[in-house]
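Taken in sequence, the protein lines are chains P and X. Under this note's numbering, the first residue of the first sequence carries the number 7, and numbering increases by one thereafter. Under this note's numbering, the first residue of the second sequence carries the number 9, and numbering increases by one thereafter. Backbone N, C-alpha and C define an ideal beta-carbon position, used for all residues, glycine too.
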Amino acid sequence: EDQVTQSPEALRLQEGESSSLNCSYTVSGLRGLFWYRQDPGKGPEFLFTLYSAGEEKEKERLKATLTKKESFLHITAPKPEDSATYLCAAPSPGDSGYALNFGKGTSLLVTP
Amino acid sequence: GAVVSQHPSRVICKSGTSVKIECRSLDFQATTMFWYRQFPKQSLMLMATSNEGSKATYEQGVEKDKFLINHASLTLSTLTVTSAHPEDSSFYICSANTGTGYSNQPQHFGDGTRLSIL
């Protein structure tokens, strides 16, 4: 059974304190690994897609990397506005399409 | 590009009421849209896959007769929660991508509908 597991569940950082979030997956035939940011009361906002091991993508203070078993979201010198829940997901084939199988997310709080 | 709009953003209603939620792809056509539900402090769980012009497919444990899905055009899918009860209170979110249902393009999400049944 396809599984996506994220750690830690919650992370508290001081402004400027870099760290990494982990997403491990067991998916047969990976069709991409997606990272989203979700703010309270909002839908997930797309950040990155990674398709093959060794791939890296960057956006401002965020960098996502992918290996054959896990993905990392590195946050460099975070700011309070980076506080959110970060979700990773992998497409899971169904009868009508590839819905996303989400991890439980990492709730990030960045304090000034 | 790839904007998904969901309406309403919040609904509060009495037990027994039926509630319709709309999901629109604003700048692209979506043959497939997905409906998720999210309970507090939990992740998104797929409820059903909505297909334009055909019946939706539901995940195990999701009642077809309670959660009616209609995907009448390439830009609109609706979810109707029929005879809603307090246990149906949740955050409902739709998504779509620019490819077909089997595309590995990223899905784009609406801002969700907070449903509260009194």
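query: Determine, for Pro-50/P, whether the minimum Cβ-Cβ distance to residues of chain X falls below 7 Å.; result: yes
query: Identify the contact partners of Arg-122/X in chain P, using a Cβ-Cβ distance below 9 Å as the criterion.; result: Gly-47
query: For His-15/X, list the residues DSSP reports as bridge partners.; result: Glu-30/X
query: For the beta strand (DSSP E) holding Glu-51/P, just list the boundary residues, first then last.; result: 51-56
query: Kindly indicate the opening and closing residues of the beta strand (DSSP E) around Phe-40/P.; result: 39-44
query: Name the residue from Arg-32/X, Ser-81/X and Leu-126/X whose alpha carbon lies nearest to the alpha carbon of Ser-91/X.; result: Leu-126/X
query: Show which residues of chain X have a CB atom less than 7 Å away from the CB atom of Pro-14/P.; result: The premise fails here: Pro-14/P is roughly 14 Å from chain X at the closest Cβ pair, so nothing lies under 7 Å.
query: Under 7 Å, do Leu-106/P and Gln-115/X count as touching if we go by C-beta distance?; result: yes
query: Excluding the five sequence neighbours on either side, which residues of its own chain have a C-beta within less than 8 Å of the C-beta of Phe-75/X, listed in chain order?; result: Trp-43, Met-55, Ala-56, Tyr-66, Leu-87, Thr-88, Val-89 and Thr-90
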